[in-house]
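Here's the structure, in structure tokens; my notes come after.
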């Protein structure tokens, strides 16, 4: 995974606090050829807040922008947007492991989810997030650094323990 390349540096400039503030105030306008700009507009239309992280990843051969957005009410959201179409493809709320909404749905624990993810994608776990999907299901999102240096994001259903989504991250701008 490339943490920051020249191209990603240009994207980082696009995500300056001034630009995000401008977008929130309504002066940001994506150009017709600007898929990132279109996805930023649509993501912030879903959840008005601050984009704190952007990831570019590929899921089932589809390039995806994933935005982490923090809203004024303290909630954290993940919004996935198809790079080619500019359409929102997935919405998830990041929650605490000890939160009642997650705990009431989870039938497997984090260690079981890690084991399932690592069995399919051996490596070192670098991050685990607890999420509620837009349909109300709970899932563990486990980021694994594989031996070849690639970072894979494995989503494990917290009820069944099955892997429901896999994405390979190309780059990330922002903090974990």
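In the numbering used here, the protein residues as written are -12 to 163.
Quick reminder that beta carbons are idealized off the backbone N, C-alpha and C, glycines included.
As the structure is a computational prediction, the values presented were derived from the model and not from experiment.
When the options are compared against residue i, the one with the closest alpha-carbon
| i | options | result |
| --- | --- | --- |
| residue 182 | 50, 56, 85, 106 | Here the chain covers residues -12 to 163 and nothing more, so residue 182 does not appear. |
| residue 25 | 70, 35, 105 | 70 |
| residue 149 | 33, 106, 48 | 106 |
Close beta carbons around residue i, own chain, < 6 Å, minus the five adjacent residues each side
| i | result |
| --- | --- |
| residue 11 | Residue placement at residue 11 is flagged as unreliable, the pLDDT there being 44, under the threshold of 50; a coordinate-derived value is accordingly withheld. |
| residue 42 | 53, 156, 159 |
Distance between beta carbons of residue j and residue i, contact taken as under 8 Å
| i | j | result |
| --- | --- | --- |
| residue 82 | residue 23 | Wrong, their Cβ atoms sit about 27 Å apart, outside the cutoff. |
| residue 84 | residue 111 | With a Cβ gap of about 20 Å, residue 84 and residue 111 do not count as contacting. |
Own chain partners of residue i with C-beta closer than 8 Å, once the 5 adjacent residues on each side are dropped
| i | result |
| --- | --- |
| residue 146 | 92, 93, 94, 95, 124, 125 |
| residue 59 | 35, 36 |
| residue 162 | 39, 40 |
Beta-carbon proximity list for residue i, same chain, < 7 Å, skipping 5 on both sides
| i | result |
| --- | --- |
| residue 152 | 46, 142 |
| residue 62 | 80 |
| residue 144 | 124, 126, 151 |
The ligand SAH heavy atom lying under 8 Å from the CB of residue i
| i | result |
| --- | --- |
| residue 158 | The model on display carries no ligand, and the ligand SAH is accordingly not part of it. |
Hey, which unbroken runs of the beta strand (DSSP E) at 3 residues or more fall wholly within the region 30 to 108?
With a minimum length of 3 residues, the continuous beta strand (DSSP E) runs that stay inside the region 30 to 108 are 36 to 46, 49 to 58, 63 to 69, 75 to 82.
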